[in-house]
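Chemist:
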């Protein structure tokens with residue numbers, strides 16, 4: 046199949062591109078600027094264009110059958126007003142322009158697999174959350190809901206829409222592990238706040254397999270929780286990561302007020318978390334290679 050991917054240069058997109066091309070799919074990665082020396086696996090190519098702005102790239106994009114929308118500024122930073130605007134624009138405008146590009150495909154077989162996040166659900170303590178759970182009311186939940194609403198506009202073209210609600214993606218080349226592993230290697234790893242908040246995660250390879258599975262199962266539509274079936278509490282995540290790295294985790298917990306001072310509103314997201322389960326994937330028969338955190342970390346950090 047011919048696939049257009051936004052956000053394809055990130056660590057999730059890089060892994061997914063490799064897996065897709067190995068399966069014989071042709072992948073076009075939309076990028077703001079093609080840099081000299083950039084390499085891609087056989088079967089992949091670049092399309093230059095700014096996804097947050099309308100442009101000639103939209104005509105080329107419309108030639109594809111599958112649209113994988115991964116674009117979005119990382120949430121792992123302090124949320125200033127300027128950063129919040131960037132978080133919104135990078136998601137909302139990209140998705141809006143992508144859906145606009147799909148309009149000429151009305152009546153053709155078209156699939157949009159658009160990223161969202163488990164932050165959609167807001168904060169629910171120990172409650173288990175499935176795809177049927179309602180949206181939350183904080184900034185991140187509102188952002189996810191608006192992001193999904195933009196993607197759903199493609200339904201007017203007859204396209205199939207899948208809303209991939211990501212948990213924290215664990216990968217070798219970036220994301221959360223890239224930020225915290227150096228801290229643990231200096232023996233400074235510790236729980237955050239109470240340590241009881243839930244941590245919903247997924248191994249990067251399982252996430253790539255989820256996209257392949259969704260492409261092979263066109264009957265699956267709407268929201269899909271892209272998380273491992275065994276979420277863990279923050280304290281367990283800390284202890285497990287320490288054991289896999291072979292370093293002690295004896296430091297006291299980081300107080301909640303310190304995190305809020307450092308990260309602002311994003312600090313509350315870290316301190317709350319969600320207990321999200323991939324009910325729709327499990328019902329459809331998807332098999333996780335890494336359902337447990339310890340095995341996932343051992344694979345990624347060996």
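Residue numbers (this note's numbering): 46 to 347. Backbone N, C-alpha and C fix where the C-beta goes; we use that ideal spot for every residue, glycine too.
(1) Can you find a heavy atom of the ligand ADP that lies under 8 Å from the Cβ of residue 57?
(2) From 193, 123, 228 and 341, pick the residue whose C-alpha is nearest to that of residue 274; which is it?
(3) If you pair each beta-carbon of the segment 286-301 with each one of the segment 225-245, do three or more pairs fall below 8 Å?
(4) Go through its chain and collect everything with a Cβ distance to residue 144's Cβ below 6 Å, but skip five positions before and after it.
(5) On the three-state DSSP scale, how would you describe residue 128?
(6) Comparing alpha-carbon positions, which option in 87, 214, 85 and 202 lies nearest residue 270?
(7) Enumerate in chain order the residues of its own chain whose CB-to-CB distance from residue 123 is below 8 Å, with the five nearest sequence positions on each side excluded.
(8) Roughly how many whole angstroms lie between the Cα atoms of residue 284 and residue 327?
(9) Using the DSSP secondary-structure output, state which residues sit across from residue 76 in a beta bridge.
(10) Among residues of its own chain, excluding the 5 on either side of residue 158, which ones have a beta-carbon nearer than 8 Å to its beta-carbon?
(11) Tell me where the beta strand (DSSP E) around residue 162 begins and ends.
(12) Using the Cα positions of residue 182 and residue 189, report the straight-line distance between them to the nearest angstrom.
(13) Tell me the residue span of the alpha helix (DSSP H) that contains residue 58.
(14) Is residue 228 helix, strand or coil by DSSP?
(15) With a threshold of 16 other CB atoms inside 10 Å of the CB of residue 254, please say whether the residue is buried or exposed.
(16) Using three-state DSSP, classify residue 46 as helix, strand or coil.
(17) Taking residue 135 as the reference, which of 323, 147 and 97 has the closest Cα?
(18) Along the chain, which unbroken stretches of the beta strand (DSSP E) at least 3 residues long are found entirely within the segment 204-266?
Modeler: On the basis of the supplied data:
(1) As far as ligands go, the structure on display features none, and thus does not contain the ligand ADP.
(2) 341
(3) yes
(4) 198 and 199
(5) helix
(6) 214
(7) These residues qualify, in order along the chain: 307, 308, 309 and 311.
(8) A straight line joining the alpha-carbon of residue 284 with that of residue 327 spans about 27 Å.
(9) 93
(10) 111, 112, 113, 114, 207, 209, 256, 259 and 260
(11) Residue 162: member of the beta strand (DSSP E) spanning 156-162, first to last residue.
(12) 10 Å
(13) 56-67
(14) helix
(15) Result: buried.
(16) Residue state, collapsed to three classes: coil.
(17) Residue nearest to residue 135 within the set 323, 147 and 97 is 97 (criterion: CA-CA distance).
(18) 205-211, 213-215 and 246-248
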